[in-house]
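S.K.: My questions all concern the structure below.
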């Protein structure tokens, strides 16, 4: 279904974006990879080509709306009309609120929230004229439940959910046939924990059940193909969202007790290491973080979700057969 489609991915030089590019390559898509770091982009491009796809790279900062417009023009002029645009880029700061600076809040918001807004607008302008296409926003379990130490990131992810709902309603009202979906992710084993800005002397880590980036990538490709409105990846994401609806005060206290220690490893952080808040970290950082020994590459919940219709049909058939057998048995 994705064969020869033009797909644009922001934050494509590492982590979920890079894994997603590889998954689209397996489907035969042509991809434009957008990120700030040239080395990472070149590494991602090689992996896409090794997976059988075609890739182009474009160095840009998603926090710059003009650069997003220019990237969209580049895609349309050099690859083809954009069929799918995926907003994935993000940055964060591990810090207590009281220690954050206004500039840090502004930067995280500009990348993690406004970067998705700018990318969406750039794609929508071009898709609207053709009355087709699909835009995918990448959210998080933290779009619904904030956790300590990442207030700027959590606030930005909450904002993405609100933006998504507003734009969905407008597209439906105007009868515009451009699909808009959002994919909410669990804790992922990505490179962000090795280059995120932190104020702690212990290395940061993902909190909760950790998944490899491919789990998110497969879900994003599936949503691009199915067009479903919203997808929650991993049972831990669903559990977090539902838990916050039912017991938000309990989660306040749970996070107070476990949210800080749950995001810091016992290992000392290098006080001189570079972070990617303002500039990309040099070199190709790859796809994965340092938690592969703890990360799951498979989600039973997602497999059940993807096959829910078939499983429902099987269950219904089995139930019907059992009921028929019971009824006919009584008659005999």
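Residue numbers (UniProt numbering): 1 to 332. Positions of the beta carbon are idealized from the N, C-alpha and C atoms, including for glycine.
Alpha carbons only, please: which of 46, 50 and 63 is nearest the one belonging to residue 57?
M.R.: It is 46 whose Cα lies nearest to the Cα of residue 57.
S.K.: Taking the continuous alpha helix (DSSP H) assigned at residue 44, which residues delimit it?
M.R.: From DSSP, the alpha helix (DSSP H) with residue 44 extends over 38 to 50.
S.K.: When we look at the beta-carbon of residue 300 and count the other beta-carbons within 10 Å, is it buried (16 or more) or exposed?
M.R.: Residue 300 should be labelled exposed.
S.K.: If you run the structure through DSSP and keep just helix, strand and coil, what is residue 213?
M.R.: Helix.
S.K.: What residue range is occupied by the uninterrupted alpha helix (DSSP H) comprising residue 174?
M.R.: Unbroken alpha helix (DSSP H) run through residue 174: 151 to 174.
S.K.: Roughly how many whole angstroms lie between the Cα atoms of residue 17 and residue 9?
M.R.: Taking the straight line joining both Cα atoms gives about 7 Å.
S.K.: Please tell me whether residue 217 and residue 233 are closer than 7 Å, where the distance is taken between their beta carbons.
M.R.: Not closer than 7 Å, so no.
S.K.: Please go through the same chain and pick out, in chain order, the residues whose beta-carbon is closer than 6 Å to the beta-carbon of residue 86, but skip the five residues on each side of it.
M.R.: Taken in chain order, the residues that qualify are 9 and 136.
S.K.: What separation, rounded to the nearest whole angstrom, lies between the Cα atoms of residue 88 and residue 12?
M.R.: If I take the Cα positions, the gap works out to 8 Å.
S.K.: Over the uninterrupted beta strand (DSSP E) stretch that includes residue 58, give me the two end residues.
M.R.: From DSSP, the beta strand (DSSP E) with residue 58 extends over 54 to 59.
S.K.: Using 8 Å as the cut-off, can you tell me whether the region 141 to 154 makes contact with the region 249 to 259, which would need three or more C-beta pairs spanning the two stretches below that distance?
M.R.: Yes, the region 141 to 154 is in contact with the region 249 to 259.
S.K.: Taking 8 Å as the cut-off, does the region 174 to 189 touch the region 109 to 119 (at least 3 CB pairs, one atom from each stretch)?
M.R.: With a cut-off of 8 Å, the region 174 to 189 and the region 109 to 119 do not count as touching, because too few Cβ pairs lie within range.
S.K.: I need the boundaries of the alpha helix (DSSP H) containing residue 140, first residue and last residue.
M.R.: Note, residue 140: premise wrong, no alpha helix (DSSP H); beta strand (DSSP E) at 134 to 140.
S.K.: With residue 84 as the anchor, note down where its beta strand (DSSP E) starts and where it stops.
M.R.: 84 to 87 is the extent of the beta strand (DSSP E) around residue 84.
S.K.: For residue 156, which residues in the same chain have their Cβ closer than 7 Å to its Cβ, ignoring the five residues on either side in sequence?
M.R.: 108, 109, 112 and 113.
S.K.: Answer yes or no: do residue 237 and residue 141 have a C-beta to C-beta separation smaller than 7 Å?
M.R.: Yes; because the gap between Cβ atoms is below 7 Å, this pair is in contact.
S.K.: Would you decide whether residue 276 is buried or exposed? Buried here means 16 or more other CB atoms lie within 10 Å of its CB.
M.R.: Buried, because 16 or more other Cβ atoms sit within 10 Å of the Cβ of residue 276.
S.K.: Near residue 311, which residues of its chain fall below 8 Å by C-beta distance, leaving aside the five closest residues on each side in sequence?
M.R.: At residue 311 the pLDDT is 45, less than 50, meaning the model places this residue with poor confidence; the figure from the coordinates comes in the next sentence. So the qualifying residues of the chain are 304.
S.K.: Run through DSSP, which three-state label would residue 232 get?
M.R.: Of the three classes helix, strand and coil, the one that applies to residue 232 here is strand, per DSSP.
S.K.: Residue 198 to residue 63, Cα distance in whole Å?
M.R.: When rounded, the distance between both Cα atoms is 21 Å.
S.K.: Are the CB atoms of residue 191 and residue 14 nearer to each other than 7 Å?
M.R.: Taking 7 Å as the Cβ cut-off, residue 191 and residue 14 qualify as a contacting pair.
S.K.: Under 7 Å between the Cβ atoms of residue 296 and residue 211?
M.R.: Yes; because the gap between Cβ atoms is below 7 Å, this pair is in contact.
S.K.: Quick one: residues in its chain with C-beta nearer than 7 Å to the C-beta of residue 78, no 5 flanking neighbours on either side, listed in chain order?
M.R.: Excluding positions up to five away in sequence, the list reads 56.
S.K.: Buried or exposed, going by whether 16 or more other CB atoms sit within 10 Å of the CB of residue 195?
M.R.: Residue 195 should be labelled buried.
S.K.: Starting from residue 251, trace the alpha helix (DSSP H) both ways and give me its first and last residue.
M.R.: Unbroken alpha helix (DSSP H) run through residue 251: 248 to 258.
S.K.: Can you give the beta carbon distance from residue 31 to residue 52, rounded, assuming they're within the 8 Å contact cut?
M.R.: Between residue 52 and residue 31 the Cβ distance is about 12 Å, and since that is not below 8 Å, they are no contact.
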